[in-house]
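A.B. asks: Residue numbers (the numbering used here): 72 to 1189.
The structure is reproduced here in structure tokens:
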């Protein structure tokens, strides 16, 4: 991830500036110096293939389709491909996929009625119980005809048990001659019945024992009212009834209310179906009709709310119970308002009488509160107010009611209890006063444009409200290739949506009433007496209190004219970007645009602004030629590649044409040519409105850039019109980026040693060379692992300590050898000191360490704690950096108490015994690194666990701890473990390795890997038997597992570096003094001379001069 800051100074409202983004995803933040907000824009930078055609699909004969129980019905689905620059996509492969699913349907112009399964207004809860109907997918294949079309016949039959409209999707994937694929989808509805029944409630809720009025209509699918159709209505209510049990206590009993009603529909007006609910609670209402073929249609409403009952069982009022808060429902009289309109809100109250307060809030701003009342015996009222333009595009109306209601389950004549209810609704305000009309036209409206032609675009800006011209409006014009836009279906956002977006209320309401305790009547009387008594006892006591609340602020002229053949080479998809132009007194601005060489359709956008007003207009036009050539080339070639260039020829005229098509190329060999000429050609007869694909096989000559000119033309003839097209493209030809590296290590016991060098097969000798690097110490081969640790981008405690551990282990090597990928020693020391300080800040009170932090809600991780301790021990022994004494003291205390620290972790009970003993073994190893004598404790741990509970890593750590002691018993245990390990090793003639596992928690707790195990055991064997051939084999095995000079993880890198540093210091005791000579047969190629441990030296050999098989290195010891 790279970032940069760009400062832009501007005086106009619209500006343009340039910057570079890398391949991938990019974000740009725009901010102003004095602004509290900023704007972010998101880019996708991708390699892509520009679409050359567009596809569409349709259902033929778009009539109504109905279910039928016995007769098969069918539908014809058609897809079509059209080339963006003009013409039909003929002879293209088509793959169809057809599937179906249940859906909803509302007849035309009947959107104020509910059809099918409706959503409850009161509960805003969708119906999740409806069973989805699923059908298997069907697949078909074919080819487009001369008009670029293909069609299929879809057959259906039967009636589903649950009457529901079925939507059928037909997806067509069209693949062109050049293997480019695009998809299109069409759909059609299968209706369950000839009729639909719709309903509408006069009120969105009902009241117990009062009629609920419902308007019902029966329509056809076009929304026309149908007469004399029987409508059956079923009403089922669910509620609770208050009764007394045998003990005289009030209880609530579940009851139902079922009613069945019938009416006959009318073709003039809706008919009324009224029912009187006998319960308060929820009602489910269904309406059903049948057509002449007995097909059923049904509409259903779930959870219609009726007031006046006991929908929820009222809570028994007990001592210290708080006042419950009920809900207020607010319904506006319109969907949207203009500024200065009169808004009327219907407020539905759960109790009466009540005092109400209406607050209008918008983005943290509050209007003057409006007070209102709910009269006794009524359940609603209306509140009116004017709409302010400051509330555009929306505001929130919040209502709060206060009053009192009778207590439940108390003694007769008990006083009423306080009641509170709140609710809110979002009201929409139109943005029309800030809207501009933008009209885009051209001075050549009927012209078909050709590549590189000049066009003139006029933009007219007018007021949306009164259509008056807007002078001095600023206009930004964009002309872009629609083929590029189609990749992401990109559309330009309206500036109204940006500068006048929907706003939240951003107001937090705090109420003290909901904190009040609600006592029963008897306790109130007792409390009064206690208060009076306390007043007499303490007259001087003062009472105090506080409260608060407030807003929280949020944030083709004719195509037959003879034309001069021009080579098309400018394929910029952005034909025009004019960030700022000013309209004249008539509200118009004219802009001249020189088109690029694309054969495509362009989208034109014009964005206009005038002070606080904004508008967006768009149009499109096509650029094409009578005959066109469309090459499909790869993005690049590698040296040695053979490619088959596909070139599509298109005839857009109504004539059969003899066409000559040719290709000229540089840095490319044309495989179809009979000679070495750099061009090749075809003759082809192309029927009218047809296309053909030509294939040109080519291969590369050199790396660099390959250029291609494709041309198509009719024969020159004075008696007829000639047509043609030409295009020039270039491709990069890359040198193969792969290389092979290999190394050998060994000892020089003889005076002269020869090392022959063999090359891999199929080497490209024209590029690169053979680089021979020699070194006087194998430690030089470890620098890549150091670089990997230093440049690792993340810094949790494991990665910091692994970096410190690896670099400190090879500190002497870093001072002796300069590594150009690492900074100077002074900079490196500063970095490592910073890492130590970060670790110090992460130390927990118990001395341990977590992966990232030492917060109170976190815990020390046992493995991480021991690993950091291991790192600190190495740093303390090297004495390059100062380590805080308290830090060392605390971590040593943690190591000494490692077993109890593990037991304190609640999740450690899920760890295996092998993992627990491995952690304790690593702790003893770390203490041994602190130069503590822990041999006795290591012996005791081995006696407790035995081999079956110790991993290979644990055995290696115990060997290091045991080797620090001088007791004979320790020597016997060491020999026992050594013998056990030699029986478990996997050896070849050159290498050795151990394969082990902790089980499920090895990776999670111990960060285990096989390479780390080999490194730990190599170090331990060097402590007890450094002359063993097993050590040499383990070393070679580790070296053979490097990838690009390093190992797989930070754990592997640091442990391998610790082990190999120890190995090479033991094996390289003698001071190097030798000369390496590089020979090609008897020809001398170069020399490297070494006295002591010096930096590596490199010699580059030209492979054209020296074949690999004759090269060898001679090493002569002094």
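Here a beta-carbon is modelled for each residue, glycine too, at the ideal position from N, C-alpha and C.
All of these numbers come straight from a predicted model, not from anything done at the bench.
1) Threshold first: 3 residues or longer. Then list the beta strand (DSSP E) segments lying entirely within the region 198-273, N to C.
2) Can you find the residues in the same chain that come closer than 8 Å, C-beta to C-beta, to residue 1081, ignoring five residues on each side of it along the sequence?
3) Just the C-alpha distance for residue 743 and residue 659, rounded to the nearest angstrom, thanks.
4) Under 7 Å Cβ to Cβ from residue 945, same chain only, skipping five residues before and after it: list those, please.
5) Does the beta-carbon of residue 669 have 16 or more other beta-carbons within 10 angstroms, so that it is buried, or is it exposed?
6) Any heavy atom of the ligand FAD within a distance shorter than 8 Å of the CB on residue 308?
7) Buried or exposed: which applies to residue 835, given that a residue is buried once 16 or more other Cβ atoms fall within 10 Å of its Cβ?
8) State the Cα-Cα distance for the pair residue 657 and residue 510, rounded to the nearest angstrom.
9) When you compare only the Cα positions, how much space is there between residue 1005 and residue 1049?
10) Can you grab the Cα-Cα spacing for the pair residue 621 / residue 395, in whole Å?
11) Residue 663 and residue 525 - do their beta-carbons sit closer together than 9 Å?
12) Would residue 159 and residue 218 qualify as a contact pair, given that the criterion is a beta-carbon distance under 9 Å?
13) Given a threshold of 16 other Cβ atoms within 10 Å of its Cβ, counted over all protein chains shown, does residue 1132 qualify as buried or as exposed?
14) Applying the 10 Å Cβ sphere with the 16-neighbour rule, what's the burial state of residue 195?
15) Just the C-alpha distance for residue 1041 and residue 846, rounded to the nearest angstrom, thanks.
16) In the DSSP output, which residue or residues are listed as bridge partners for residue 287?
17) Starting from the Cα of residue 1087, find the closest Cα among 979, 728 and 1025 and give me that residue.
18) Under a Cβ-count criterion, where at least 16 other Cβ atoms within 10 Å of its own Cβ denotes burial, should residue 167 be classed as buried or exposed?
19) Measuring straight from C-alpha to C-alpha, what distance separates residue 137 and residue 532?
20) May I ask which residues mark the beginning and end of the alpha helix (DSSP H) holding residue 1081?
21) To which residues of the same chain is residue 89 closer than 6 Å at the C-beta, ignoring the five residues directly before and after it?
22) Taking buried to mean at least 16 other C-beta atoms within 10 Å of its own C-beta, is residue 1104 buried or exposed?
23) Which ranges does the beta strand (DSSP E) cover as unbroken runs of at least 3 residues, wholly within the region 713-782, from first to last along the chain?
24) Looking only at C-alpha atoms, which of 727, 1118 and 371 sits nearest to residue 756?
25) Using a Cβ-Cβ distance cut-off of 9 Å, determine whether residue 1063 contacts chain D.
26) Out of 916, 208, 368 and 355, which has the shortest C-alpha to C-alpha gap to residue 964?
27) Using three-state DSSP, classify residue 535 as helix, strand or coil.
28) Kindly indicate which three-state DSSP category residue 1190 falls into: helix, strand or coil?
29) CA-CA distance, residue 448 and residue 174?
30) Given residue 521, which residues of its chain have a CB within under 7 Å of its CB, disregarding the five upstream and five downstream residues?
31) Quick one, are the C-beta atoms of residue 575 and residue 397 less than 9 Å apart?
32) For the beta strand (DSSP E) holding residue 872, just list the boundary residues, first then last.
33) Can you round the beta-carbon distance between residue 935 and residue 869 to whole angstroms, since I take them to be within the 8 Å contact cut?
34) Going by DSSP, which residues form a beta bridge with residue 26?
35) In terms of DSSP beta bridges, what is residue 528 paired with?
36) According to the neighbour-count rule (16 or more other Cβ atoms, all chains shown, within 10 Å of its Cβ), is residue 1085 buried or exposed?
C.D. replies: In brief:
1) The region 198-273 contains these whole beta strand (DSSP E) runs: 209-214, 220-229, 237-246, 252-262 and 267-272.
2) Correct list, in chain order: 1064, 1065, 1066 and 1067.
3) Distance between the alpha carbons of residue 743 and residue 659 is about 57 Å.
4) Here residue 945 has 876, 879, 880 and 1000 as same chain residues with Cβ atoms under 7 Å from its own Cβ, once five neighbours each way along the sequence are excluded.
5) By the 10 Å Cβ count, residue 669 comes out buried.
6) Questions concerning the ligand FAD fall outside what the structure shown contains, since it holds no ligand whatsoever.
7) Flag for residue 835 reads exposed.
8) Distance between residue 657 and residue 510, taken at the CA atoms: about 13 Å.
9) If you draw a straight line from the Cα of residue 1005 to the Cα of residue 1049, it is about 19 Å long.
10) Confidence is the limiting factor: at residue 621 the pLDDT is only 37, short of 50, which leaves the residue's position unreliable and the question unanswerable from this model.
11) For residue 525 and residue 663, yes; Cβs fall inside 9 Å.
12) A contact, by the Cβ cut-off of 9 Å.
13) Flag for residue 1132 reads buried.
14) Unreliable positioning characterises residue 195 in this predicted model, as indicated by a pLDDT of 42, which lies under 50. A coordinate reading is not provided.
15) Their Cα atoms are separated by approximately 40 Å.
16) DSSP, once it has assigned bridges, lists 270 and 342 as partnering residue 287.
17) It is 1025 whose Cα lies nearest to the Cα of residue 1087.
18) Buried.
19) Going from the Cα of residue 137 to the Cα of residue 532 covers about 48 Å.
20) Where residue 1081 is concerned, the enclosing alpha helix (DSSP H) stretches over 1081-1095.
21) When the five nearest sequence neighbours on each side are left out, no beta carbon in the same chain lies closer than 6 Å to the beta carbon of residue 89.
22) Buried, by the Cβ-count rule.
23) List check, beta strand (DSSP E) in window: 713-722, 728-737, 739-741, 750-757 and 762-771.
24) Per the Cα distances, 727.
25) Chain labels in this structure do not include chain D; a single protein chain is all it has.
26) Between residue 964 and the set 916, 208, 368 and 355, the nearest pair of CA atoms involves 916.
27) In the structure shown, residue 535 sits in coil (DSSP, three-state: anything other than H, G, I, E or B).
28) Not covered by the structure: residue 1190. The range shown for the chain is 72 to 1189.
29) About 43 Å.
30) Contacts found: 694 and 696.
31) Contact flag unset, no.
32) Following the DSSP letters along the chain, one finds residue 872 in no beta strand (DSSP E) but inside the alpha helix (DSSP H) bounded by residues 868-880.
33) Their Cβ separation, rounded to whole angstroms, is 6 Å, which keeps residue 935 and residue 869 in contact under 8 Å.
34) With the chain covering only 72 through 1189, there is no way to say anything about residue 26.
35) In the DSSP output, where bridge partners are listed per residue, residue 528 has 513 and 662.
36) The residue in question, residue 1085, is buried, as its Cβ has 16 or more Cβ neighbours within 10 Å.
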